[in-house]
Amino acid sequence: MEKIIVNVAWCDKNFGGSLGSNVPGAVVFTAPTFEALQKEAKDSLEFHVEGLVENGEDVPEWLKNGDYEFVYNYQDATTLLKAYSPYVSLAAISRASGINQSLLSHYVNGLKKPREQQRKRIVDGLHKIGSDLQSVMCV
C-alpha cells in the first residue's frame, strides 16, 4: 500500500492541506476542522484522479485503485495541537508531556514557537495518552 503524505498547516481559522510529491499534479484543500480536512483530502484526491483519467494523463495503478493511505505531516506545533484539541485537552497534554499548560496555550495560539525538544515532548505526550487509551479494557 502506497503512503501519501498530507502536509497540514493551521492557516488563520482553517486547516490547509496539500498532497505529497507521489501524487501527480497539485492537490490543495482547506477545512475548518481536522476531521473535515481528512475527509477533504480523500474527496479532493478522488476528484483529482478522476480528472487525470478523463484527460488521459498517466496515473499510477495504485492511485486509480485506491491502494493508498494518508500519513499526516503537521507543519508546526500549533497545527498539531489544534488538530487534536477536540480529543485531548491541553491539561491532559500538559500532564503527559510535563509542559506547562499556559505555555501549551501559547503554542496553540501561535504566540510562541516551541524548540525542537519541546515539540518532541508534545508528540511523546500525545503518544503516551494514546498508548494509555489503547490499554483500556472494560470487563
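When you line the sequence shown up against full-length UniProt numbering, it's residues 1 to 139, in that order. Where a beta carbon is used, it is the ideal one built from N, C-alpha and C, also for glycine.
If we call anything under 8 Å between Cβ atoms a contact, is residue i one with residue j?
i           : j           : result
residue 107 : residue 79  : no
residue 73  : residue 8   : yes
residue 93  : residue 104 : yes
residue 68  : residue 137 : no
residue 124 : residue 102 : no
residue 53  : residue 42  : no
residue 29  : residue 17  : yes
How close, in whole Å, do the beta carbons of residue i and residue j come, if the pair is a contact with beta carbons under 8 Å?
i           : j           : result
residue 40  : residue 31  : 5 Å
residue 226 : residue 122 : An answer regarding residue 226 cannot be provided, because it is not within the stretch 1 to 139 covered by the chain.
On the DSSP letters alone, give me the boundaries of the alpha helix (DSSP H) that residue i sits inside.
i           : result
residue 93  : 90 to 97
residue 23  : Taken as a continuous stretch (DSSP letters only), residue 23 belongs to no alpha helix (DSSP H), as it is neither H nor E.
residue 174 : For the chain, the structure presents residues 1 to 139; residue 174 sits outside this window and is missing.
residue 107 : 101 to 108
Residue i lies in the beta strand (DSSP E); which residues open and close that run?
i           : result
residue 113 : Counting along the chain, residue 113 falls outside any beta strand (DSSP E), and DSSP gives it neither H nor E.
residue 28  : 28 to 31
Kindly indicate which residue of the options has the alpha-carbon position closest to the one of residue i.
i          : options          : result
residue 36 : 14, 119, 63      : 14
residue 95 : 28, 56, 126, 135 : 126
Runs of alpha helix (DSSP H) lying entirely within the segment 52 to 82, each at least 4 residues, in chain order: If we require 4 residues or more, the alpha helix (DSSP H) runs fully inside the segment 52 to 82 come out as 61 to 64.
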